[in-house]
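Let me begin by presenting the structure, written as structure tokens, before commenting on it.
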Amino acid sequence: MPEHFSLLARAWIPVALADGRRVFVRPCEISEPYEGKPILRIATGRPDCDIALTEFLIGLLAVTMDGLDRRSWPKRFRDPPSSEELEVTFAPLEPAMILDGDGPRFFQDREALEGKPTPIVALQMDAAGSSTHFVKEGRTEKLSRIGAAITLLTLQTQAPSGGAGHRTSLRGGGPLTTLVLPGLPDKAVPTLWQRLWANTPEDFHAEPDEYNRVFPWLTPTRVSDKTGVETTPDHVHPAQAFFGMPRRIRLLFEEARDGDTCDLTGERDDVMVSGYVTKPWGTNYTAWSKGHPLSPYYTQKAKAVEFLPLHTKSSRIGYRQYLGLAFESEDGLRLPAKCVSEFRKTRANEFSGDAKQAMHDCQILVAGYAMDNMKPLDFAETLVPLVITGNPTSDKHVHDTARRFVNGSDETARLLISSVKRALYGERGDAARDSTVLEPVANRFWSDTERDFYDALRDAADRLISPDGVPVTRPGDTKRDLAGSWLAILKRHAFAIFDEVVPIDSAEADRIADVIAGRKSLGLALAGHGAVGKKLYTALGVALPSRKTGKDKP
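See below:
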């Protein structure tokens, strides 16, 4: 067999270049152009692997790099370290970056496990379920060492429940990850380095003599059977959040045969991996409340000690979920990822001139599995704007405006569903809101208003801060004007969807009265009348109409 496969020395990270090519680079080469072309992003061919490998690289930078303090961070953003500098910085990681051999193995159990081999396809998150979003049954039979390393770290980072003793990842199965994509002058595309550095936390640094507490495969596994232990942040270094190893796995390497290619990367390798050995009762991560800086967290009780990582319930992530991704909730029960709040509150304000103005174009990359217990339903990946004014007070006004907009949309969606239900099923109809008829109506409403929401939020940011960068003098008036404009948008979409779903022209004679009643109830509520109309207007912060004149109350 060849010499040990070092993931520091080998070019194993697949990246996309600005000219459209995909190449493989070493970890120390992520900060510089490749053959004169900027490196834009990770490009494994699978979105779950892309996000896991991106997180892994952020973790390496967090553990090893200096210059993450408020004063030095912008300089590193503008002037990345050279590959030579990164090579020296990463050199102490070598013992943790060996994929094979008799010593510690990358993301693998310290022991040489014995047992029946498991096919390598089982390392892929979607292999156990019925989903075919990424791979077809039987397609993944062999992986190169590069493909195996990527697939293994992805599983350990995102591991779902795998039956008795097969532990989930530190954030649970298929965790939701949010990364800031910084805005740049002239709307340039961020490089991979800028993506990574924008999200690298400053309080996860470790010295080489602490690496045994950072990388769990450097020491015997903290087994979690009946006689074993749980693993909390008190037992290990906080940076283990990036390198959690819940599963006990040992890859099985074999010499490649003629024609063997990797089913992930499409590349050839002298050594292939077609299976692995696994045992239950790996590391059981508990009490990692708010422990991962790239995930949003929530709790259901105001005085709760532990916050849980947020997971998505479907592959559609839209502005309905925006508040929990971008802002802390008013009651403190929902927190955005630390990387998002840190960038908005601090890092975005470290720029000046065109670079500061470009921060208005920041985005949040949201990615993660929608899981049904052990089975992945789909993988969600989307971009949403991160609206930043550059002023803390104005940012609070934008947050308040976003909250009003989303709450107003939620109330309008409820009104629309109730009105459509009345039109289709009559006053006493008992169809559920999540029925196959009514749920698509709500989904369409959220989808149809999404672009308008982000446009309106950007407009709000522009109107809530003056050209010289200070908050406007009468933000309350501005927010009421913005809410009124948003209400007009909600009305337009609600009526359009109602008229399309329940067209009166094609209604049966005995249904016309219900259609008219449904549309009338929608119109009255959208005009602020009745208890439901009052609830909508209160959510938006819009003045209620006068009972006598129908005009807005002062």
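Going by this note's numbering, the first residue of the sequence shown is number 1, and it counts up by one from there. All C-beta atoms, glycine included, are put in the ideal place defined by N, C-alpha and C.
Tell me the residue span of the beta strand (DSSP E) that contains R22.
R22 to V25
Residue from K301, D430 and S6 with nearest C-alpha to I146
S6
Looking at D562: is its Cβ nearer than 8 Å to the Cβ of A367?
Lying outside 1 to 554, the shown extent of the chain, residue 562 is not represented and no answer is given.
If you draw a straight line from the alpha carbon of G266 to that of L17, how long is it in whole angstroms?
For G266 and L17, the distance between alpha carbons rounds to 18 Å.
Cutoff 7 Å; reference F351; Cβ partners in own chain excluding five residues on either side
Excluding positions up to five away in sequence, the list reads P74 and M359.
Restricting to Cα atoms, I'd like to know which of K479, R414, S341 and D270 is closest to K290.
S341
From what residue to what residue does the alpha helix (DSSP H) around V501 run?
It spans P475 to V501 - the alpha helix (DSSP H) in which V501 sits, taken as one unbroken run.
If we ignore side chains and look at the alpha-carbon of each, how far apart do K356 and R22 end up?
Straight through space, the alpha carbons of R22 and K356 are spaced by roughly 31 Å.
If you pair each beta-carbon of the stretch 205 to 221 with each one of the stretch 107 to 118, do three or more pairs fall below 8 Å?
yes
Buried or exposed by the 16-neighbour rule on C-beta atoms within 10 Å, applied to K479
Within a 10 Å sphere around the beta-carbon of K479 sit 16 or more other beta-carbons, which makes this residue buried.
So L192 packs on I39, CB below 8 Å; how close in whole Å?
4 Å
State yes or no: is the C-beta of S295 within less than 8 Å of the C-beta of R171?
In contact: S295 and R171 (Cβ atoms closer than 8 Å).
Quick check on G59: does DSSP put it in helix, strand or coil?
helix
Given a cut-off of 8 Å, decide if T232 and G282 are closer than it, judged by their beta-carbon atoms.
no
C-beta atoms of R41 and V15 nearer than 8 Å:
yes
Residues near A539 in its chain [Cβ-Cβ closer than 8 Å; skip 5 each side]
So the list reads R404, N407, G408, D410 and E411, once near-sequence residues are dropped.
Helix, strand or coil for A206 per DSSP?
The DSSP-derived three-state label of A206 is coil.
So which of A496, T151, I58 and G173 has the shortest CA-CA distance to R195?
I58
When you compare the CB positions of F90 and T54, do they come within less than 8 Å of one another, or not?
no
Residues near T140 by beta carbon distance below 8 Å, same chain, minus five either side
I120, V121, Q124, A127, D263 and L264
To the nearest angstrom, report how far apart L252 and G103 are at their CA atoms.
15 Å
Between the Cα of W486 and the Cα atoms of T312, T118, E202 and A402, which residue gives the shortest distance?
A402
Less than 8 Å between the beta carbons of I465 and V441, yes or no?
no
Per DSSP, which residues does G275 bridge with? Please list them.
The bridge partners DSSP lists for G275 are P119 and L252.
Provide the residue(s) that pair with E450 in DSSP beta bridges, ordered along the chain.
DSSP lists no partner for E450.
For S329, which option in Q300, V305 and G318 has the closest C-alpha, if you only look at C-alpha atoms?
Q300
Who does S6 pair with in a DSSP beta bridge?
I98
What residues match up with G173 in a beta bridge as DSSP calls it?
Beta-bridge pairing links G173 to no other residue.
V502 versus V437, V271, D462 and A164, residue with shortest Cα-Cα distance
V437
Quick one: Cα of E32 to Cα of P80, how far?
Taking the CA atoms as reference points, E32 sits about 7 Å from P80.
Between which two residues does the alpha helix (DSSP H) holding Y211 run?
Y211 to V214
Quick check on DSSP: helix, strand or coil for V88?
helix
Start and end residues, alpha helix (DSSP H) containing T154
Judged by DSSP secondary structure, T154 falls within the alpha helix (DSSP H) whose first and last residues are R145 to Q158.
Please look up how many angstroms separate the CB atoms of A62 and H237, rounded, as I've assumed it's under 8 Å.
Their Cβ separation, rounded to whole angstroms, is 11 Å, which puts A62 and H237 out of contact at 8 Å.
Cβ pair P392, K338 closer than 8 Å
no
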